[in-house]
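Engineer: If you count by numbering that gives the first Met the number 0, then the sequence shown holds residues 0 to 251, one letter each, in order.
Heads up, the beta-carbon is just placed ideally off N, CA and C, and yes, glycines get one too.
Okay, here's the structure, questions in a sec.
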Amino acid sequence: MALDRGGWAMPRRSAARLKCSSSATATTYSSSRVSSRSIPSGYRCMPEASWLLPQACWSTGNRSGGVPQPRGCDIPRRRPKQTTMGSYAMSSDERQVQEILAHYVRAADQRNGKAQGSLFTDDATVQIYAKGGSGGYRPVGEPLVGGPAVRYATENFMAPHPEGGASHHTTSDHLIEVDGDRAHINAQFIVFRIRAAARPADGWPEGTFGAQGTVTPIESGYYDTDLRHIDGVWKIVHHRVLLDMPLVLPGA
């Protein structure tokens, strides 16, 4: 066993590498060749693969066969499964906020007013904005107020899908900020209209292959949403739908 100054042992037969540092310099050693006598006084060592973790988080009294143990830092022995955006690991709250928007768009696709309304507080506001000829956003209609109003609008103002029809509200490029019990999310969206082709009575023509029907983008813009953490659950308090194109409503 080769004992390093960091306080843990590693079998000499291991081919791992140790990286050791003082306040001014750093040196890499092969663990199969290093001994406690070969490490300069004042140096601290750990496996090279773990070099990016704070040294203060590792126990100096570990004798568990070369596996450093966390001490005083919230670093689990096994890395938890996390959703990542590039190299950035999302926090639990950020993930929950993102999922609220995911539930929102699915409820819209399914015309599920109960599920849609449950995402909002009783005093939440929902306002649609659309770009006018000058390029700026203008409010469209009056805001909805409260989860029950959102449910009613979903069930009564959103046209049901025809046979073979569906929609997909897709979101991307989520920007999420969490500050205590308040959060904000901004995301791009595109709404696709799906129309499945009906199977001919005498079957598909010879040579037909692949998905039959159309997928058409019909709306795009941004969701800009404020949330609050209430009784352990994130709820939407302000939801702004920023459409890229003018929106014409019947009778307007």
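Between the C-alpha atoms of Tyr128 and Ala186, what's the straight-line distance to the nearest angstrom?
Structural biologist: Each residue's alpha carbon lies about 15 Å from the other.
Engineer: Cβ of Ala182 within 9 Å of Cβ of His228?
Structural biologist: yes
Engineer: Among the residues of its own chain, which have a CB less than 7 Å from the CB of Val236, if the five just before and after it don't count?
Structural biologist: Thr120, Ala123, Asp225, Leu226, Arg227
Engineer: Where Glu154 and Lys113 are concerned, what is the direct C-alpha to C-alpha distance, given to the nearest angstrom?
Structural biologist: Roughly 9 Å between the two C-alpha positions.
Engineer: What's the gap between the Cα of Gln97 and the Cα of Met89?
Structural biologist: Distance between Gln97 and Met89, taken at the CA atoms: about 10 Å.
Engineer: Start and end of the beta strand (DSSP E) containing Phe188?
Structural biologist: 181-195
Engineer: CB-CB under 8 Å to Ala107, same chain, minus the five flanking residues each way: which ones, in chain order?
Structural biologist: The residues are Gln115, Thr153, Met157, Ser166, His168.
Engineer: Helix, strand or coil for Arg227 per DSSP?
Structural biologist: strand
Engineer: CA-CA distance, Gly131 and Leu242?
Structural biologist: 10 Å
Engineer: Within the same chain, show all residues whose beta-carbon is closer than 6 Å to that of Ile189, passing over the 5 residues directly before and after it, in chain order.
Structural biologist: Thr169, Pro216, Ser219
Engineer: Distance, Cα to Cα, Leu118 vs Ser133?
Structural biologist: 34 Å
Engineer: Thinking Gly163 and Ala197 are a contact (beta carbons under 8 Å), I'd like their distance in whole angstroms, please.
Structural biologist: 6 Å
Engineer: Following the continuous beta strand (DSSP E) through Ser171, name the residue where it begins and the one where it ends.
Structural biologist: 164-178
Engineer: With a threshold of 7 Å on Cβ separation, who are the neighbours of Ser171 within its own chain once the five nearest residues in sequence on each side are excluded?
Structural biologist: Ala186, Gln187
Engineer: Verify whether the separation of the beta carbon atoms of Tyr222 and Ile184 is less than 9 Å.
Structural biologist: yes
Engineer: Using the DSSP secondary-structure output, state which residues sit across from Ala252 in a beta bridge.
Structural biologist: The chain is shown from 0 up to 251; residue 252 falls before or after that span and cannot be answered.
Engineer: Report the rounded CA-to-CA distance for Cys161 versus Pro249, giving the unit in angstroms.
Structural biologist: Inspection of the sequence shows that residue 161 is occupied by Pro rather than by Cys. Spanning the two alpha carbons is a distance of roughly 20 Å.
Engineer: In terms of residues, what are the limits of the alpha helix (DSSP H) holding Arg105?
Structural biologist: 91-109
Engineer: Applying the criterion that 16 or more other CB atoms from any shown protein chain within 10 Å of the CB defines a buried residue, is Trp233 buried or exposed?
Structural biologist: buried
Engineer: If Pro142 and Val125 are in contact, beta carbons under 8 Å, what's the gap, nearest whole angstrom?
Structural biologist: 6 Å
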